[in-house]
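In what follows, a single structure is set out as structure tokens and then discussed.
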Amino acid sequence: MASLQVGAGRGVGCCFGPLDGRRQERRAMAALRPPRAGAGAKVAEGDKVRLGESSVAVSKLGIGAWSWGDTTYWNDSEWDDRRLKEAKAAFDASIDSGMTFFDTAEVYGTALMGAVNSESLLGDFIRERQQKGAVEVTVATKFAALPWRFGRGSVLSALKKSLERLGLPSVELYQLHWPGLWGNEGYLDGLADAYEQGLVKAVGVSNYNEKRLRDAHARLKKRGVPLAVNQVNYSLIYRTPEENGVKAACDELGVTLIAYSPIAQGVLSGKYTPENPPTGPRGNTYTPEFLTKLQPLMNRIKEIGVSYGKNPTQVSLNWLTCQGNVVPIPGAKNAGQAMEFAGALGWSLAADEVEELRTLAREIKGIKMPIEES
1 MASLQVGAGR GVGCCFGPLD GRRQERRAMA ALRPPRAGAG AKVAEGDKVR LGESSVAVSK
61 LGIGAWSWGD TTYWNDSEWD DRRLKEAKAA FDASIDSGMT FFDTAEVYGT ALMGAVNSES
121 LLGDFIRERQ QKGAVEVTVA TKFAALPWRF GRGSVLSALK KSLERLGLPS VELYQLHWPG
181 LWGNEGYLDG LADAYEQGLV KAVGVSNYNE KRLRDAHARL KKRGVPLAVN QVNYSLIYRT
241 PEENGVKAAC DELGVTLIAY SPIAQGVLSG KYTPENPPTG PRGNTYTPEF LTKLQPLMNR
301 IKEIGVSYGK NPTQVSLNWL TCQGNVVPIP GAKNAGQAME FAGALGWSLA ADEVEELRTL
361 AREIKGIKMP IEES
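Residue numbers for the sequence shown follow the UniProt record's numbering, so the first one is 1 and each next one is one higher.
Rendered as structure tokens:
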């Protein structure tokens with residue numbers, strides 16, 4: 001059964017400290033030890049943040065389960081036993097590293113032949129792990145605002161089916177995956193109904209622009225239900241939430257920003273180059289031309305990472321946590337990636353490094369997502 005651990009406060013710490021003594025000391029100490037780029041330490045037990053004004057506390061870094069079971073965008077259009085074992089290993093490694101917050105959705109892994117629903121996989125992983133003893137897992141899933149779904153009842157119906165696939169009586173967080181073409185007020189009422197019925201401990205939205213976010217917050221507030229999160233695309237090279245008012249509105253309203261694609265679908269890991277672009281649908285977005293423009297930023301990320309004994313993935317994730325009120329949820333397809341992600345926590349970039357990377361990233365034009373115009 002999914003469990004939660006309530007934190008004492010918002011837990012949004014500032015990454016900015018004195019720029020001289022402490023920074024030089026960190027770098028000196030890092031120089032005395034060999035870099036451990038792929039290593040990740042266990043997240044401290046008390047290292048949690050509360051989602052908005054809700055009672056739900058999560059690890060400062062979560063794991064996205066979009067790729068688990070998927071055959072449309074990930075996994076080279078194929079889901080097999082090897083990928084299943086790797087996903088299970090990623091789940092176990094995440095738990096072992098202290099990252100106990102998992103984000104899934106009813107539409108993850110439901111498309112092409114061979115796909116397996118991500119919610120079902122996550123539920124299986126939780127049950128298998130619990131056979132070894134009690135384990136803390138915080139689960140978030142999402143409602144798909146499909147055109148034929150109408151009213152608050154559609155939210156409750158979809159949620160109950162998600163709970164069946166997960167094998168859980170309730171989840172910690174339930175989100176509207178994207179704005180509907182119509183009926184969004186009814187969807188929000190459905191979230192409030194689910195909260196009041198105890199089927200969820202917190203509610204949120206995803207891919208909501210500033211106006212929709214404020215409207216949702218106001219409508220739920222009338223029911224006495226806090227809007228806990230807005231989950232949006234946010235990374236060092238995709239800073240639209242900073243530019244369109246979403247990040248500022250989240251901070252103002254006390255809504256946690258959950259950042260999906262926080263390493264730009266692997267591009268900020270440094271594994272891709274103009275000569276070796278990503279395969280599949282990602283290759284249409286992150287082209288050799290785009291990756292060529294990215295190289296100056298990647299070179300600086302690597303340089304900064306060496307001084308901390310960290311790799312580009314860890315530096316890029318840490319940059320996000322330094323923004324405050326942000327919980328990144330990178331997707332882990334295997335145990336190595338999960339352990340790598342954990343290495344993004346327990347340390348902080350210096351304030352001037354955060355701003356230097358932001359300045360360099362401004363030279364790269366972000367790729368707009370159509371859903372953000374809705």
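All C-beta atoms, glycine included, are put in the ideal place defined by N, C-alpha and C.
Three or more C-beta pairs below 8 angstroms linking the stretch 310-317 and the stretch 264-282:
Verdict: yes, contact present.
Backbone CA spacing between A342 and I237 [nearest angstrom]:
Here residue 342 refers to the residue found at position 342 of the sequence shown. Here residue 237 refers to the residue found at position 237 of the sequence shown. The straight-line gap from Cα to Cα measures roughly 21 angstroms.
Compute every distance between the C-beta of S157 and the non-hydrogen atoms of the ligand COA, then say whether any falls below 8 angstroms.
The ligand COA is not among the ligands present in this structure, which contains no ligands whatsoever.
Would you mind giving the Cβ-Cβ distance between V171 and T141, rounded to the nearest angstrom? I have them listed as a contact below 8 angstroms.
Residue numbering aside, residue 171 sits at position 171 when the sequence shown is read from its first letter. Residue numbering aside, residue 141 sits at position 141 when the sequence shown is read from its first letter. Rounded to whole angstroms, the Cβ separation of V171 and T141 is 6 angstroms, and the two are in contact under 8 angstroms.
Whole alpha helix (DSSP H) elements within the stretch 235-259, 4-residue minimum:
You should have 240-243 and 246-253.
Cα-Cα separation between Q94 and A335, rounded to whole angstroms
As a first step, residue 94 is located in the sequence shown; it is residue number 94 there, counting from the start. As a first step, residue 335 is located in the sequence shown; it is residue number 335 there, counting from the start. The displayed chain sequence assigns Ser, not Gln, to residue 94. Rounded to the nearest whole angstrom, the C-alpha separation of S94 and A335 is 8 angstroms.
Cβ-based burial, W178 [other Cβ within 10 Å; buried from 16]:
Within the sequence shown, residue 178 is the residue found at index 178, counting from 1. By the neighbour-count rule (16 or more Cβ atoms within 10 Å), W178 is buried.
Note down, in chain order, each residue of its chain lying with its Cβ closer than 8 angstroms to the Cβ of G266, except the 5 sequence neighbours on either side.
Within the sequence shown, numbered from 1, the residue matching residue 266 stands at position 266. Cβ within range, chain order: Y272, P278 and R282.
Output the boundary residues of the alpha helix (DSSP H) element that contains P296.
Reading the sequence shown from its first residue, position 296 is the one you call residue 296. In the DSSP assignment, P296 falls within the unbroken alpha helix (DSSP H) covering P288 to Y308.
In angstroms with no decimal places, state the Cα-to-Cα distance between T72 and F91.
Indexing the sequence shown from 1 puts residue 72 at position 72. Indexing the sequence shown from 1 puts residue 91 at position 91. Their backbone Cα atoms lie some 21 angstroms apart in a straight line.
Boundaries (first-last residue) of the alpha helix (DSSP H) holding L122:
To locate residue 122, count along the sequence shown from 1; it is residue 122. Element bounds for L122: S118 to Q130.
For the alpha helix (DSSP H) holding P312, just list the boundary residues, first then last.
What you label residue 312 is simply residue 312 of the sequence shown in a count that begins at 1. Looking at the DSSP string, the run of the alpha helix (DSSP H) that includes P312 is P312 to T321.
Length of the line joining the Cα atoms of L213 and V135
The count along the sequence shown starts at 1 and reaches residue 213 at position 213. The count along the sequence shown starts at 1 and reaches residue 135 at position 135. Approximately 34 angstroms, taken between the alpha carbons.
Within its chain, find whatever has a CB closer than 7 angstroms to the CB of T287; leave out the 5 residues flanking it on each side and keep chain order.
Looking up residue 287 in the sequence shown gives position 287. Correct list, in chain order: P277.
Tell me the DSSP secondary structure of P179 in three-state form.
In the sequence shown, counting from the first residue as 1, residue 179 sits at position 179. Here DSSP, grouped into helix, strand and coil, assigns P179 to coil.
Check each candidate in G331, F143 and E340 and name the one with the smallest Cα separation from S162.
Within the sequence shown, residue 162 is the residue found at index 162, counting from 1. The residue with the shortest Cα to Cα distance from S162 is F143.
Completely contained beta strand (DSSP E) runs for the stretch 138-191, where each covers 3 or more residues
Runs found: 138-143 and 171-176.
I'd like the list of long-range same chain contacts for G7, defined as Cβ closer than 6 angstroms, with 5 residues on each side in sequence excluded.
Here residue 7 refers to the residue found at position 7 of the sequence shown. The predicted model places G7 with a pLDDT of 33, which falls under 50 and marks its position as unreliable, so this point remains unresolved.
What's the call for R83, buried or exposed, on a 16-neighbour Cβ count within 10 Å?
Counted from its first residue, the sequence shown places residue 83 at position 83. Buried.
Going by other Cβ atoms of all chains shown within 10 Å of its Cβ, with 16 needed for buried, is A202 buried or exposed?
Start at 1 with the first residue of the sequence shown, and residue 202 comes out as number 202. Classification for A202: buried.
So for A228, helix, strand or coil by DSSP?
By 1-based counting over the sequence shown, the position of residue 228 is 228. Three-state DSSP puts A228 in a strand.
Residue nearest to R152 in terms of C-alpha spacing, selected from G180, P226 and L291
Counted from its first residue, the sequence shown places residue 152 at position 152. Minimum Cα distance to R152 is reached at G180.
Output yes or no for whether 9 angstroms exceeds the beta carbon distance between S97 and Y108.
Numbered from its first residue, the sequence shown carries residue 97 at position 97. Numbered from its first residue, the sequence shown carries residue 108 at position 108. No. Outside cutoff.
C-beta atoms of L357 and I301 nearer than 9 angstroms:
Sequence index remark: in the sequence shown, residue 357 carries index 357 (1-based). Sequence index remark: in the sequence shown, residue 301 carries index 301 (1-based). Here L357 is near I301, since their CB atoms are less than 9 angstroms apart.
Check L357 in the structure and name its three-state DSSP category.
For the purposes of this step, residue 357 is taken as residue 357 along the sequence shown, with counting starting at 1. It is helical.
Do C250 and N325 come within 9 angstroms of each other at the CB atom, strictly closer than that value?
Here residue 325 corresponds to residue number 325 of the sequence shown, with the count starting at 1. Here residue 250 corresponds to residue number 250 of the sequence shown, with the count starting at 1. In contact: N325 and C250 (Cβ atoms closer than 9 angstroms).
So who's on the other strand from I63, going by DSSP bridges?
The sequence position of residue 63 within the sequence shown is 63, counting from 1. Assignment of beta-bridge partners to I63 by DSSP yields F102.
Report the option in S348, E353 and A332 whose CA atom is closest to the CA atom of D70.
Indexing the sequence shown from 1 puts residue 70 at position 70. The shortest C-alpha separation from D70 is found at A332.
Beta-carbon proximity check, A216 vs Y234, cutoff 9 angstroms
Stepping through the sequence shown from its first residue, residue 216 is reached at position 216. Stepping through the sequence shown from its first residue, residue 234 is reached at position 234. Contact: no.
Just curious, the alpha helix (DSSP H) that S94 is in, first and last residue?
Position 94 of the sequence shown holds residue 94. That run of the alpha helix (DSSP H) goes D81 to D96.
Could you tell me how far apart the beta carbons of L173 and A105 are, in whole angstroms, since I believe they sit closer than 8 angstroms?
For the purposes of this step, residue 173 is taken as residue 173 along the sequence shown, with counting starting at 1. For the purposes of this step, residue 105 is taken as residue 105 along the sequence shown, with counting starting at 1. In fact, because the Cβ distance is near 11 angstroms, the residues do not count as touching under 8 angstroms.
From this set, S261, E353 and P296, which residue's C-alpha is nearest I63's C-alpha?
Numbered from 1 along the sequence shown, position 63 holds the residue referred to as residue 63. Out of S261, E353 and P296, the CA that lies nearest to the CA of I63 is found in S261.
Hey, how far is the Cα of Y208 from the Cα of T256?
Taking the first residue of the sequence shown as position 1, residue 208 is located at position 208. Taking the first residue of the sequence shown as position 1, residue 256 is located at position 256. Between Y208 and T256, the alpha-carbon positions lie close to 13 angstroms from each other.
K88: which of C322, E53 and I126 sits nearest, CA to CA?
Here residue 88 is taken as the residue at index 88 of the sequence shown, counted from 1. Each of C322, E53 and I126 was checked against the Cα of K88, and the nearest Cα belongs to I126.
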